[in-house]
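Chains as they are written, first to last, in my numbering: chain A, 72 to 520; chain F, 72 to 520; chain W, 72 to 520; chain D, 8 to 120; chain U, 8 to 120; chain H, 8 to 120.
Think of the CB as a built atom: it goes at the ideal place given N, C-alpha and C, for glycine as much as any other residue.
Everything numeric in this text was worked out from a predicted model, so none of it was measured.
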Amino acid sequence: MDITSLGNSINLVWMLITGFLVMFMQAGFALVEVGMTRIKNANHTMLMNMMIYAIGILGFFLLGFGLMFGGVGALSTLGVDGAVLSREFTITLFGKSFGLFGLSGFALSGITSMGVIGFFLFQLVFMDTTATIPTGALAERWKWKAFVIYGFFVSAILYPIYGNWVWGGGWLSQLGASFGFGHGLVDFAGSSVVHMVGGVCAMAGAAVIGARIGKFKKDGTPVAIPGHNIPMAILGTFILAFGWFGFNPGSTLSGTDPRIAIIAVNTLLASATGAFAAMLYTWWQQGRPDPGMCANGMLAGLVAITAPCAFVTPLAALVIGVIAGFLVCVSVWFVEWVLKLDDPVGAISVHGANGLWGIISLGIFADGTYGDGLNGVKGMVTGLLYGDVSQFFAQLIGGLACFLFVFGLSFIFFKVQDMIMGIRVSPEDEVLGLDRAEMTSIAYPRDIM
Amino acid sequence: MDITSLGNSINLVWMLITGFLVMFMQAGFALVEVGMTRIKNANHTMLMNMMIYAIGILGFFLLGFGLMFGGVGALSTLGVDGAVLSREFTITLFGKSFGLFGLSGFALSGITSMGVIGFFLFQLVFMDTTATIPTGALAERWKWKAFVIYGFFVSAILYPIYGNWVWGGGWLSQLGASFGFGHGLVDFAGSSVVHMVGGVCAMAGAAVIGARIGKFKKDGTPVAIPGHNIPMAILGTFILAFGWFGFNPGSTLSGTDPRIAIIAVNTLLASATGAFAAMLYTWWQQGRPDPGMCANGMLAGLVAITAPCAFVTPLAALVIGVIAGFLVCVSVWFVEWVLKLDDPVGAISVHGANGLWGIISLGIFADGTYGDGLNGVKGMVTGLLYGDVSQFFAQLIGGLACFLFVFGLSFIFFKVQDMIMGIRVSPEDEVLGLDRAEMTSIAYPRDIM
Amino acid sequence: MDITSLGNSINLVWMLITGFLVMFMQAGFALVEVGMTRIKNANHTMLMNMMIYAIGILGFFLLGFGLMFGGVGALSTLGVDGAVLSREFTITLFGKSFGLFGLSGFALSGITSMGVIGFFLFQLVFMDTTATIPTGALAERWKWKAFVIYGFFVSAILYPIYGNWVWGGGWLSQLGASFGFGHGLVDFAGSSVVHMVGGVCAMAGAAVIGARIGKFKKDGTPVAIPGHNIPMAILGTFILAFGWFGFNPGSTLSGTDPRIAIIAVNTLLASATGAFAAMLYTWWQQGRPDPGMCANGMLAGLVAITAPCAFVTPLAALVIGVIAGFLVCVSVWFVEWVLKLDDPVGAISVHGANGLWGIISLGIFADGTYGDGLNGVKGMVTGLLYGDVSQFFAQLIGGLACFLFVFGLSFIFFKVQDMIMGIRVSPEDEVLGLDRAEMTSIAYPRDIM
Amino acid sequence: MKKIECFIRPEKLEEVKMALTRAGIVGLTVSEVFGAGRQKGFVEKYRVSEVTVNLLPKVKIELFLKDQDVNKVLRVIVTAARTGEVGDGKIFVSDAIERVVRIRTGEENEAAL
Amino acid sequence: MKKIECFIRPEKLEEVKMALTRAGIVGLTVSEVFGAGRQKGFVEKYRVSEVTVNLLPKVKIELFLKDQDVNKVLRVIVTAARTGEVGDGKIFVSDAIERVVRIRTGEENEAAL
Amino acid sequence: MKKIECFIRPEKLEEVKMALTRAGIVGLTVSEVFGAGRQKGFVEKYRVSEVTVNLLPKVKIELFLKDQDVNKVLRVIVTAARTGEVGDGKIFVSDAIERVVRIRTGEENEAAL
Ligand SMILES: Nc1ncnc2c1ncn2[C@@H]1O[C@H](COP(=O)(O)OP(=O)(O)O)[C@@H](O)[C@H]1O
Ligand SMILES: Nc1ncnc2c1ncn2[C@@H]1O[C@H](COP(=O)(O)OP(=O)(O)O)[C@@H](O)[C@H]1O
Ligand SMILES: Nc1ncnc2c1ncn2[C@@H]1O[C@H](COP(=O)(O)OP(=O)(O)O)[C@@H](O)[C@H]1O
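This is the structure:
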């Protein structure tokens, strides 16, 4: 045992434990989504959240991991040199090479490095978060068979490709080295890679599948369809907030990097102000605090701080959280009243809108104390307020690319799938409830006596 | 990477992970409290538990942390020297200086040490436990606005000041060095600092706000008001017991101190005998085991072992737990039948009475094998049974100071607040349920079809 | 601080944290069992799950740990030399010595090594899993008093003895050294020691206590008795899957062994294919996916991979999980339709059948890359497919021994107990519900208004 | 024999129940119902939109009683259940009960009440 | 005065409710019940076995109304609640209501409806 | 046509239901109610104090049936629902049903039963 391998052990232990926490977030998502939907669909929504985990694991193991990280190169904190994951498919445009996806590591074949195998687990549970987000937005009307196919699509293709661009050495991460945009798109723990991808895919899905019966009146006014168990949704929010301490601090891939402390604190602070802002907003707008929106506010703060958590001061984290808390309320309103999309749990607003805000806020608040050498660019990551406009542009480009690519591909996917097999249950089944229609049993069977 | 910084990394990783576990206890508190109250107040109780987390973070960040730890000095396991948190406000009496509160570290301003920032997170989640305790005792009748203000009071002022006295270098911790009372008040992980403060504050609050309508008959006999979901309360208890493995072992602030093993084992043993004793007690008293009291018994064992966990033998832990399990049953009875206070979840008994028992039990059972140099006093921490009476007195003084200070200040706070704005909802709102009266939506909305 | 003790610290931290995760599984079991049983027994089932934890701790502390590990010898990763736990009771047959149980470490008396004390905690939470398994199979009809006595039996006697044979240096672990059967019985994290013991004990209990009223028609056809809260059962499954990342990777007793990475990944993969296979099976058999069986499928995958997780490739883990997922469905059918046993939660199939499959699958798929020197046998652990038939036989012998010993002893225990005091509630109490009959209060009290 | 059915506010149940007990009426059956009437439904806010709930939670009380008790019971219920706000509910009396059997004893009619 | 009791499919409640409102009927009370009739129970699958559920979830609507409204209401309900499949339910009319009291005002009979 | 309403112990429902089926009665409706009567409320223990629960869970069965079936049904219910302890419940028969409509077909009266 030498000191380097001890350090690597600490890093591996840290990455695994934080990865386990992220895995547990799956339970949080399940509770939030089931709590915010109706009794008659509770089993269906719950089982989607469980099976997306299983399906996602298969899709990511077989195809996704290789596409995303096949060309990522060395993982220095884990003692992995650059020889293992070293095949990136690139095209050349304007004399620069653009990495599009990786080409090694499929099914972990040929991989014996425990560092890579642990890294696979950590990345897998992140993918899983993305994959589960649309199950909230499409809940209460999604045909089971269509959902299963979607599970493979998101885990094997959609998530890995955008992920490659940002974390796998692909073109967005090279915007700095190639075109001088700061450090390229910087997204520490996945405001865009994980959350915005999930939120935008949810948006495309909601647009294609249409609103639940009764969600909009003939004149287009949205009608509230209250979820059946709000305390359950708040319990889920706690579990998510807990798991986020794996999500963000774990993304150092290193327990020996003391930066994990401030990452955790920033995560904490933004979650608090996100919830607080949403409480004030609904108190002011509705006359009373809305528990479900407070929960959304906390999650919004968490989503937003995910990208910048390692790069900003605690005070900036507070501000990012406050804005996230308000933003999610306004966005939920906008989605329902203006876009006329039906998103039972607020997935589009929590993950999509705030995912975008997360990467942009990094471009504003990064304080120039961390990130030296990131994405092959010398110097610290620095935002608008600290003088680096080019980083801000990198973030904007990354956000735009995310929206266009993910919305486009997802929309096409859902449309084509709908044409081929139909992605929505029949109106009769919807009225009856998906537990009766698509599951063997209902959620809360009750002897009358 | 040298060996010292590797050690510090292990300590930081340990402190953060255990801190995350403590944070998760918030979910446990929420479930216990919601499960033990009525359907019509479920959203209100749940949201209090969520928002106290958010509010507490703000209060502790802005003011509390500085008051509590502004003068704590070096944090050796985290590589923090004494220069950072070094301003304590002290007064001099009888020729000795009495530390009252700290004066640096507000809003973490000027702090760049990652050790301190991690320490802030760890301490914050402890405060949060205190802050959430009274939400159980005052549940089902507390006006939302009054609760929000309370949240700032407890996190920014009440908890930090007593905390400073014990953990921040304040006067109770100096009782040993200054007056020869053992090592001064020793409270390893917070039986008094966290739990007794919370329980006593809950008691003052319950006294000021009064009993729920229907809780006492005209002749003063208490009437049971069953909680609406006992399995939920027991799930919460499991989560708390899980989080306690962060609470106690994490309080070494060091993963390289092998003492963490026995701390964890003592925690486990006391939780078991606490639950077992409460089961026997209710079986004997009521003819059948009472699930809610068994859960309280487990928590009582955990609260009691929190102070002594690092200083006692496993057999002593068993005994401490047994007594805690009986004590909580007797205390719940005493609070209801003698003091005529209404505490829906048993917060006063679980946290107050057993917090006191926790620090006293340390004064009895500390076996003289740990704590050398603690609070600037040479030698090991030793209890009554092992020959040190003075340590026992330090514990008594600490308990008395806690009760007087916390009850006094809290009572004044609640009284004044009540006079200014009223802290209790109207009887109509109470009968209607706080979810309808103070939240936008009820907890379990139900389509009739 | 030298480098060895730092390494030991990492190992201790790892073992404790993973142990905490395993402890949390108790909450998962509670939710699965309560969710899959009826409202009128919800408090009873929940309290069994809570009190088995308390009772098990007492039984294992006082007697079980000593019996199981009193002769285990050195724990090298924790810096414990062989002097502490060094008394094994052995008999000699055919000129070979057979270890039967340990004889030191009772009540941790005389133990000062923190490594041993931490090891005690880790082993205790494993025992707890075994102890809680039969509470599911005997739920809804088990007399409380009989259950309490069972709790001491399983934790102090049944589990420790078989455990000694496999993990404590007893005869099954010596099958290799003594008789040349591979490395003796190899069970990495307890497919047999923990799960199969629990499942087989559950089977004996279910056979003695008989089926719930109404479970079988006069002609013997089983009747479904739906559980009252399926989402709760699925939440419990998530918690179990989360805790399993403590169970399996923690069983290295070492965070510095990089093998933890592949152990975690194999655990993940088998859980996914287990759930997926069960989904396909029920979809095909019932026309629609059955949420409860999908949850069972995930658990089955986890149980099965528990023994082989450190020894097989990811692809083998996938296959082991698939087979587990189908096996659990077939086994649940077999138990109900052929054996005519009533097991409300599927404990016999999930833990018994798949525990057996777990150790056998190791004998098939172990790939010869890990385990050098295990159980005193040189060379790597190698299965059938990689050329070692003798290891496969060791696994078969271990499975047979487990079944015969555990079923035999448990059956006698339940029978004798039944004759002395009766282990089943009266039919009236069963119809009324055990919450009314044996607890003070029901699970979901409800003001009519 | 008569049957009285009344629909009242849930929060008044306790009071009505106690008033009836004081008036000597012990046999009654209560159920949870949802009512519509002059009382307008309320608007439930949830997140950013609203839903109008038309069927309000009410409590139904059924009493079977001797003819001579009817007036007393009507008075008692009206007094105890009234708040003066729309939605207090209604009482219906029907006179078609021709037979009662007490299951435990097989007693019939007045004796069975 | 008459009383109408009807048992319908839960999923038809919304429609029936709206049809009655359009027909000018505002007072009614709804409750959740379980019914058996010609409609066969369904087989609930759960894990590896089945259970036959004989009592199906239904909705009961109670209406007290003036004699002249009866025909209209019957027509409205039949139209709105019908699917044509077994299990649509039944309507029962009884004529024994002799008295109504509005709790809020103490008004009686027709005025109280 | 008659209407029978009866209030029985919840745990007897299964038995009563089966006995009625055997007696050829298929149409009935069941609901969950809370009853008070001679049976004293029970004392619910919870933590360190108690509460007296006055309204006990009961089951209500409503049957509409032909006049000639009444005696048979009364007998069947009494036999199946009796335990002999206070709280077995009561059966009320009313004779005011003047009309029945089957929603599915529009059939009326006896044909509709
Ligand atoms: N004609 C009716 N038929 C059945 N139930 C009625 C009728 N009228 C009123 N109710 C019941 O009485 C409740 C109160 O009636 P409502 O008209 O709202 O108030 P009020 O009686 O004070 O005018 C309703 O919610 C409903 O349950
Ligand atoms: N004789 C009856 N007494 C009480 N309720 C009845 C009676 N007949 C039918 N019902 C109610 O009406 C519902 C539908 O009746 P059913 O016979 O299944 O269908 P249909 O009326 O279409 O022939 C039943 O579930 C039950 O609630
Ligand atoms: N006068 C009544 N009006 C309405 N319901 C009644 C009446 N008397 C009894 N009940 C119902 O019958 C149930 C049993 O009656 P109870 O008097 O307790 O027992 P028993 O009929 O055996 O004397 C009650 O809980 C109640 O639901």
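In whole angstroms, what separates the C-alpha of residue i from that of residue j?
i, j, result
"M520 (chain W)", "P17 (chain D)", "Unreliable placement is indicated for M520 (chain W), whose pLDDT of 45 sits below 50; the coordinate value is still reported in the next sentence. Those two C-alpha atoms are separated by around 6 Å."
"L70 (chain H)", "V83 (chain H)", "13 Å"
"I265 (chain W)", "M198 (chain W)", "The sequence shown places Val at residue 265 (chain W), rather than the Ile named in the question. Approximately 7 Å, taken between the alpha carbons."
"V242 (chain F)", "F169 (chain F)", "Note that residue 242 (chain F) is Trp in the sequence shown here, rather than Val. Straight-line Cα distance between these residues: approximately 5 Å."
"N79 (chain W)", "T148 (chain W)", "6 Å"
"G90 (chain A)", "F193 (chain A)", "5 Å"
"G531 (chain F)", "G447 (chain F)", "Absent from the model: residue 531 (chain F). The displayed extent of chain F is 72 to 520, so no value can be given."
"F485 (chain W)", "M117 (chain W)", "22 Å"
"M369 (chain A)", "L81 (chain D)", "53 Å"
"S262 (chain A)", "E51 (chain H)", "52 Å"
"L398 (chain A)", "A424 (chain A)", "8 Å"
Using a Cβ-Cβ cut-off of 6 Å (strictly less than) and excluding sequence neighbours within five positions of residue i, which residues of its own chain qualify?
i, result
"W354 (chain A)", "P360"
"L571 (chain A)", "No information on residue 571 (chain A) is available, as it lies outside the stretch 72 to 520 that chain A covers here."
"M350 (chain A)", "P360 and C365"
"G439 (chain A)", "M451, T453 and Y457"
Considering only residues of the same chain and omitting the five flanking positions on each side of residue i, which have a CB-CB separation below 7 Å?
i, result
"I128 (chain A)", "L195"
"P293 (chain W)", "K286, F287, E407 and W408"
"N82 (chain F)", "T148, L149, L324, S325, G326 and T327"
"I513 (chain A)", "N114, D506 and R507"
Considering just the uninterrupted stretch of the beta strand (DSSP E) at residue i, what are its terminal residues?
i, result
"A43 (chain D)", "L35 to A43"
"E115 (chain U)", "Where E115 (chain U) is concerned, there is no enclosing beta strand (DSSP E), given that its DSSP letter is neither H nor E."
"S101 (chain H)", "K97 to S101"
For residue i, which residues of its own chain have a beta-carbon under 8 Å away from its beta-carbon, when the five flanking residues on both sides are left out?
i, result
"T90 (chain U)", "R16 and K19"
On the DSSP letters alone, give me the boundaries of the alpha helix (DSSP H) that residue i sits inside.
i, result
"S402 (chain A)", "P385 to W404"
"R16 (chain U)", "Premise fails: R16 (chain U) is in no alpha helix (DSSP H) and is neither H nor E."
"V103 (chain F)", "I74 to G106"
"R82 (chain U)", "V77 to A88"
Quick check for students: name the residue ranges of the alpha helix (DSSP H) that lie wholly in the stretch 170-244 of chain W, counting only runs of 4 or more.
185-208, 215-224 and 230-238
Within the stretch 329-355 of chain F, ranges of the alpha helix (DSSP H) (whole runs, at least 4 residues):
none
Any alpha helix (DSSP H) of 4 or more consecutive residues that is wholly inside the stretch 486-518 of chain W:
498-503 and 505-509
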